[in-house]
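Residue numbers (the numbering used here), protein chains in the order written: chain A, 12 to 258; chain B, 528 to 894. Virtual Cβ for every residue (Gly too), placed ideally from N, Cα, C. One structure below.
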Amino acid sequence: MVEKEDIIIVKDLVKKYGSFYANDHLSFEVKKGEIFGFLGANGAGKTTAIRILCGLSYPTSGILKVAGFDVYTQRDEIKKNIGYMSQKFSLYDDLTVFENIRFYAGIYGLSKKEIEIRSNRLMEKLILGEARDKLIRDIPQGWKQKLAFSVAIIHDPKIVFLDEPTGGVDPITRRQFWDLIYQAARDGITVFVTTHYMDEAEYCDRVTIMVEGRIAALDTPEALKKRYNSANMNEVFLHLARTKVLS
Amino acid sequence: MKRFWGFVIKEFYHIFRDFRTLLILFGMPAVQLLLFGYVITNEIKDARIAIYDQSKDEVTRRISEKILSSGYFLLDKNLQSIQEIEPVFKKGKVKLVVVYEPKFAEKLQKTGVANVQIISDASDPNTANILVNYAQGIINNYLVSINIGQVTMQIIPEIRMQYNPELKGVFMFVPGIMAMLLMLISALMTSLSITREKELGTMELLLVSPLRPIQIIIGKVLPYVLLAFADACIILLMGKFVFGVPIQGNVILLLAESLLFITMALSLGILISSITSSQQVAMTLSLVALMLPTILLSGFIFPIENMPVVLQWLCQAMPPKYFITIIKAIMLKGNSFIFIWKETLILIGFTTLFILISVKKFNIRLA
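Structure follows, in structure tokens:
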């Protein structure tokens, strides 16, 4: 396989809150087009890292490049090239499906015609045809989640950051949600996703397991399972977390 | 720029789809003004009084007539003994009792001095004060009228109530309500709408987008500038055409000063939303920290000069106080800018201060 270019480069990322290290010297690269998982228990530092990469928070130190741009000096360029969706739900309840799409596409500077084309395509994909003019608060939760993801990539970003996107979602919707993620990856969008569902880790091309602000392991799910002699990712994670506690 | 307008349009959707917001925006000015204008009034009409006339002569009868025909008082009862005074007060209907001493006219004739006692129900001190003053005034007037033609020297003060000749309470309430409502709409509504985005998680999405933070903030407040301004116009028009409050000064200047005050209140709203991320807290902060001082400490209802010194100092830190001074000066006195530049400057100062703090807070939050 041809080695693809690195689209995210992180070297020695440190984020301190007082004397507490939320991110303790993280280093990793994400390849173009891959689904990169960030795993860890709550409070392991996943969200801190993703917020820094998105420009929502400043790092204390370290070298960071996102989509080829420097996190410290080229924030505006980065913003144009990324999409973001957080565990908190992020569409407007009192706007219709179409108005939400139009709004988000609008703030990314898409033209009126382009917005029309893309929203139609999106409705078709999600089979949302008749819901176009319904208020978000009136459509089912599962649809909202999928719609939120589709809106996060409406401007064809190079990378999409998903911060625990499937939190509080039923298993069927989660499965459908991952289908959308695969599709986005096939379309060439790099996916950076944090989760604490270990079964979701199996869906990723490569995963990083975070324990207490550090990277405990980084590899493909298969390699990790082999290395720690585990049947699934849950065992891998428990193994790593336990070693950390013991040491 | 196109991105920015899309954002502003979205904000209008939020406002016009929320019935409660609309009610506050357009129902409240009208209701408040009508309430303050008609219900809460300092003027007193038809207060019930009792008269205990121990003399029952020509003079006392004429004084009583004068009192009762003034329009302020209504006779509830003629008392027959001193013991009846206490019970009529206790019943609560009668607010004032007038007592003439025996042989009133005779004494007045012979010695030039006669006593009339005015007893009032001071469980409501303001009303009591006003009633006593009215009664006193009427009696004095009568004295002056019977003295005419006699040689006795006297000084007759001629009183003119400048700027509000009829002492209408609504003259005072229109500027006050204007300050209160603009404060409420601008500060409360913007802080709510910004914290709502934080609660929903949409704020993060906006911050990740190519929109600049300053565009987000301006986009959020711009609709409220327009709506608050519309409200200011509604209040002024209602004041003029429903209550007859004049606008003596320059209308453009008045509107410009209103816009300045709106900007001040908006920057305060932004400040509030930058130190909190929940709508609940923002609401409480706006109501307690803004509304109460606006009503109590701005000179809107209670004169600042009568407060304890410490509170007077506190009043100086209340932006609405300066705005109320400004609108009163323009509306009632017809003053031009040279009389109110100091207050204007202070409001600009407040605005700058609030914006500076907000920007600083906003940066800290991002770090």
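| Asked | Found |
| --- | --- |
| Neighbouring residues, chain B, relative to Tyr-103/A (Cβ below 7 Å) | Thr-729 |
| Residue-level contact to chain B via CB, Arg-238/A, 8 Å cutoff | no |
| Residues from the segment 119-135 of chain A in contact with chain B, defined by Cβ distance under 7 Å | Tyr-119, Gly-120 |
| Cβ distance (whole Å) where Gly-44/A is taken to contact Lys-90/A below 8 Å | Actually they are not in contact, since the Cβ atoms of Gly-44/A and Lys-90/A sit about 21 Å apart, beyond 8 Å. |
| Exposed unless 16 or more other CB atoms sit within 10 angstroms - verdict on Ser-597/B | exposed |
| Proximity test, Cβ basis, 8 Å: Met-12/A and chain B | The predicted model places Met-12/A with a pLDDT of 47, which falls under 50 and marks its position as unreliable, so this point remains unresolved. |
| For Gly-861/B, the three-state DSSP class (helix, strand or coil) | coil |
| beta-carbon Ile-164/A near the ligand ZN non-hydrogen atom, thresh 7 Å | With respect to the ligand ZN, the structure offers nothing, as it holds no ligand at all. |
| One or two residues paired with Met-221/A in a DSSP bridge | Gly-51/A, Ile-226/A |
| Boundaries of the alpha helix (DSSP H) in which Val-558/B is found, first to last residue | 555-561 |
| As assigned by DSSP and simplified to three states, the class of Glu-40/A | strand |
| Glu-211/A, buried or exposed, once every other Cβ within 10 Å from all chains shown has been counted against 16 | buried |
| Any C-beta of chain B under 8 Å from that of Asp-167/A | no |
| Neighbourhood of Asp-61/A by C-beta, 8 Å cutoff - its chain only, sequence neighbours within 5 removed | The question names Asp, yet the displayed sequence has Ile at residue 61/A. Here the set comprises Phe-49, Phe-172, Asp-174, Phe-203, Thr-205. |
| Glu-585/B to Tyr-661/B span [Cα, whole Å] | 22 Å |
| Distance, Leu-623/B Cα to Asn-653/B Cα | 13 Å |
| C-alpha distance - Leu-602/B paired with Arg-575/B, whole-angstrom precision | 6 Å |
| Proximal chain A residues relative to Phe-600/B, where beta-carbon distance stays under 9 Å | Ordered by position in chain A, no residue passes the 9 Å Cβ test against Phe-600/B, which lies about 56 Å from the chain. |
| Buried or exposed (CB count within 10 angstroms, at least 16 for buried), Gly-876/B | exposed |
| Boundaries of the beta strand (DSSP E) in which Gln-187/A is found, first to last residue | Looking at the DSSP string, Gln-187/A is not in any beta strand (DSSP E); the run it does join, the alpha helix (DSSP H), is 182-197. |
| CB contact below 8 Å: Ala-894/B versus chain A | Bear in mind that the predicted position of Ala-894/B carries a pLDDT of just 45, short of 50, making it unreliable; the figure below should be weighed with that in mind. Yes, contact with chain A. |
| Chain A contact for Tyr-540/B (CB, 8 Å cutoff) | yes |
| Extent of the continuous alpha helix (DSSP H) run through Thr-107/A | Unbroken run through Thr-107/A: none, as it is neither H nor E. |
| Residue-chain proximity (Gly-73/A, chain B), Cβ-Cβ < 8 Å | no |
| Close beta carbons around Ala-894/B, own chain, < 7 Å, minus the five adjacent residues each side | Confidence at Ala-894/B is low in this model, with a pLDDT of 45, below 50, so the placement of that residue should be treated as unreliable; the coordinate-derived value is given next. Cβ within range, chain order: n/a, list empty. |
| Sufficient close CB pairs (3 or more, under 8 Å) joining the segment 710-718 of chain B to the segment 746-762 of chain B | yes |
| According to DSSP, residues forming a beta bridge with Asn-605/B | Ile-578/B |
| 8 Å Cβ cutoff met for Glu-213/A and Ala-55/A | no |
| Residues bridged to Ser-72/A (per DSSP) | Val-25/A |
| Gly-703/B vs Ile-802/B beta-carbon contact at 8 Å | no |
| Beta-carbon spacing of Val-625/B, Val-643/B below 8 Å | yes |
| Proximal residues of chain A, C-beta to C-beta of Val-748/B below 8 Å | Within 8 Å Cβ-Cβ: nothing; Val-748/B doesn't reach chain A, min ~17 Å. |
| Contact list for the segment 207-223 of chain A against chain B, Cβ threshold 9 Å | none |
| is_contact[Ser-804/B, chain A] using C-beta, thresh 8 Å | no |
| Three-state secondary structure (DSSP) of Leu-732/B | helix |
| Alpha helix (DSSP H) segment containing Met-96/A, residue limits | Element bounds for Met-96/A: not the alpha helix (DSSP H) but the beta strand (DSSP E), 93-96. |
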